[in-house]
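So the structure is just underneath, and the comments pick up after that.
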Amino acid sequence: MKHIEHIFFDLDHTIWDFEKNSNETLGELFEEFELSLHIDSKERFLATYQTVNGQYWKKYREGKIDKHTVRFGRFADTLERFRVPDAANLGQRIGDKYVERGPHKKNLFPNTHETLSYLQAKFPLHIITNGFKEVQSIKMGGSNLEQYFDVILCSEDVGVNKPHRRVFEHALDLAGCSAQNALMIGDNFEADIMGAQKVGISTILFDPKREHKTTKSHIIHDLKDLQDLL
Numbered sequence: 185m186k187h188i189e190h191i192f193f194d195l196d197h198t199i200w201d202f203e204k205n206s207n208e209t210l211g212e213l214f215e216e217f218e219l220s221l222h223i224d225s226k227e228r229f230l231a232t233y234q235t236v237n238g239q240y241w242k243k244y245r246e247g248k249i250d251k252h253t254v255r256f257g258r259f260a261d262t263l264e265r266f267r268v269p270d271a272a273n274l275g276q277r278i279g280d281k282y283v284e285r286g287p288h289k290k291n292l293f294p295n296t297h298e299t300l301s302y303l304q305a306k307f308p309l310h311i312i313t314n315g316f317k318e319v320q321s322i323k324m325g326g327s328n329l330e331q332y333f334d335v336i337l338c339s340e341d342v343g344v345n346k347p348h349r350r351v352f353e354h355a356l357d358l359a360g361c362s363a364q365n366a367l368m369i370g371d372n373f374e375a376d377i378m379g380a381q382k383v384g385i386s387t388i389l390f391d392p393k394r395e396h397k398t399t400k401s402h403i404i405h406d407l408k409d410l411q412d413l414l
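The sequence shown maps to residues 185 to 414 in this note's numbering.
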């Protein structure tokens, strides 16, 4: 990849370990809101929420629902699946606490700082995220990530979400980089990989759980693998 001059990263599920941080926060809220009175297992609650949350984020990427619906609807929907009374009101209360507390969690994927330090010495690094702007800055600041990145673009500033080409084109403009000299690294095949490729950006799919089999992109399973590729 000798043509690469700028590297763009996704944040959630790629650098910031969203699943681990989310589960820690939800585990705390499960106890605080005494959800065990209605749900027989914390593990079932977490698994159901992760499924529902994924569905809501897919709809958000596609522009079918707004940020407010994602923020609160995912919790109300999860609670309704367990027939928890007053799910809409309780979902809003849990949603407020989750957004207030979750972004302060600091779990990153293994070898994050080591790899970013290595890459920063060779390339300008940037972030492109679909996450909510007000919480992404908290995540990055609390995890000491801001030091590595020049451009930090939240898709809501563009008015559309990845994989829309406008998000990637705007990121390239901000970085002063051509698509031919850019690399996008992310975990979501549709949003990060296909979206970037549509504007001519090279890609690496981050797949720590080894869930994907594709010939349409380079794949890594650990961030430190980037040191061999780049």
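No residue lacks a Cβ here, since even glycine has one placed at the ideal position from N, Cα and C. It should be emphasised that the depicted structure is a prediction, and the values quoted were computed from it without experimental measurement.
Counted within 10 angstroms of its Cβ, other Cβ atoms place residue i as buried (16 or more) or exposed
i, result
"Pro-294", "exposed"
"Ala-272", "exposed"
"Ser-401", "buried"
"His-348", "buried"
"Ala-260", "buried"
"Lys-346", "buried"
"Met-368", "buried"
"His-190", "buried"
"Ala-305", "exposed"
"Asp-371", "buried"
"Ser-386", "buried"
"Gly-309", "The question names Gly, yet the displayed sequence has Leu at residue 309. Burial call: buried."
"Leu-210", "buried"
"Leu-413", "exposed"
Residue i versus the options, residue with shortest Cα-Cα distance
i, options, result
"Leu-407", "Leu-195, His-187 and Glu-189", "Leu-195"
"Ala-380", "Glu-318, Asp-341, Leu-413 and Ile-311", "Ile-311"
"Asn-205", "Glu-298, Ser-327, Leu-309 and Arg-277", "Ser-327"
"Ala-231", "Leu-389, Glu-208 and Phe-217", "Glu-208"
"Gln-331", "Gln-411, Tyr-302, Asn-314 and His-348", "Tyr-302"
"Gln-239", "Thr-262, Leu-219 and Phe-266", "Thr-262"
"Arg-228", "Phe-266, Gly-275 and Asn-365", "Phe-266"
"Ile-336", "Cys-361, Gln-234, Pro-392 and Lys-317", "Lys-317"
"Gln-480", "Lys-382, Thr-296, Ser-386 and His-252", "Within the shown structure, residues of the chain are numbered from 185 to 414, placing residue 480 beyond reach of any answer."
"Ile-388", "Ala-375, Thr-399, Ile-404 and Arg-394", "Ile-404"
"Pro-269", "Asp-391, Val-383, Phe-217 and Ala-305", "Phe-217"
"Thr-399", "Asn-365, Ala-363 and Met-378", "Met-378"
"His-288", "Tyr-233, Ser-321, Leu-410 and Asn-365", "Ser-321"
"Thr-235", "Glu-203, Glu-215, Ile-199 and Leu-213", "Glu-203"
"Asn-291", "Glu-264, Met-324 and Tyr-282", "Met-324"
"Trp-200", "Trp-241, Asp-412, Thr-313 and Leu-274", "Thr-313"
"Ala-359", "Phe-192, Asn-237 and Phe-390", "Phe-192"
"Phe-333", "Trp-241, Glu-374, Leu-300 and Glu-264", "Leu-300"
"Tyr-233", "Ile-278, Glu-189 and Ala-366", "Ile-278"
"Asp-376", "Leu-329, Glu-215, Lys-242 and Lys-306", "Lys-242"
"Phe-214", "Gly-315, Asn-237 and Leu-274", "Leu-274"
"Glu-395", "Phe-373, Leu-410 and Asp-412", "Phe-373"
"Lys-186", "Gln-364, Val-283 and Asn-237", "Gln-364"
"His-197", "Lys-397, Lys-393 and Gly-211", "Lys-393"
"Val-319", "Val-351, Arg-350 and Glu-284", "Glu-284"
"Arg-350", "Ser-362, Val-383, Leu-329 and Ala-366", "Val-383"
Residues bridged to residue i [DSSP beta-bridge criterion]
i, result
"Phe-390", "Ile-404"
"Asp-196", "Trp-200"
"His-190", "Ala-366"
*asked:* If we require 4 or more residues per run, which alpha helix (DSSP H) segments fall completely within the region 284 to 317?
replied: Note on the region 284 to 317: whole alpha helix (DSSP H) runs with a minimum of 4 residues are 296 to 304, in chain order.
*Can you give, in chain order, each stretch of the alpha helix (DSSP H) that sits fully within the region 318 to 343 and has at least 4 residues?*
Entirely contained in the region 318 to 343, not one alpha helix (DSSP H) run reaches 4 residues.
_Under 8 Å: do the region 235 to 253 and the region 215 to 223 share three or more Cβ pairs, one atom per stretch?_
Cβ pair count under 8 Å is below three, so no.
*In chain order, each beta strand (DSSP E) run of at least 3 residues that lies wholly inside the region 342 to 388*: The DSSP assignment places 366 to 370 as complete runs of the beta strand (DSSP E) inside the region 342 to 388, in order along the chain (cut-off: 3 residues).
_Quick test of the definition: if touching needs 3 or more C-beta pairs under 8 Å, does the region 355 to 370 touch the region 330 to 344?_
Put simply, the region 355 to 370 touches the region 330 to 344. At least three CB pairs are less than 8 Å apart.
*Output the residue ranges of the alpha helix (DSSP H) runs that lie fully inside the region 261 to 287 and measure 4 residues or longer, sorted by chain position.*
Those alpha helix (DSSP H) runs which fall completely within the region 261 to 287 and span 4+ residues are 271 to 285.
*Where in the region 199 to 265 do unbroken runs of the beta strand (DSSP E), each at least 3 residues long, occur, reported from the N-terminal end onward?*
If we require 3 residues or more, the region 199 to 265 turns out to have no beta strand (DSSP E) run fully inside it.
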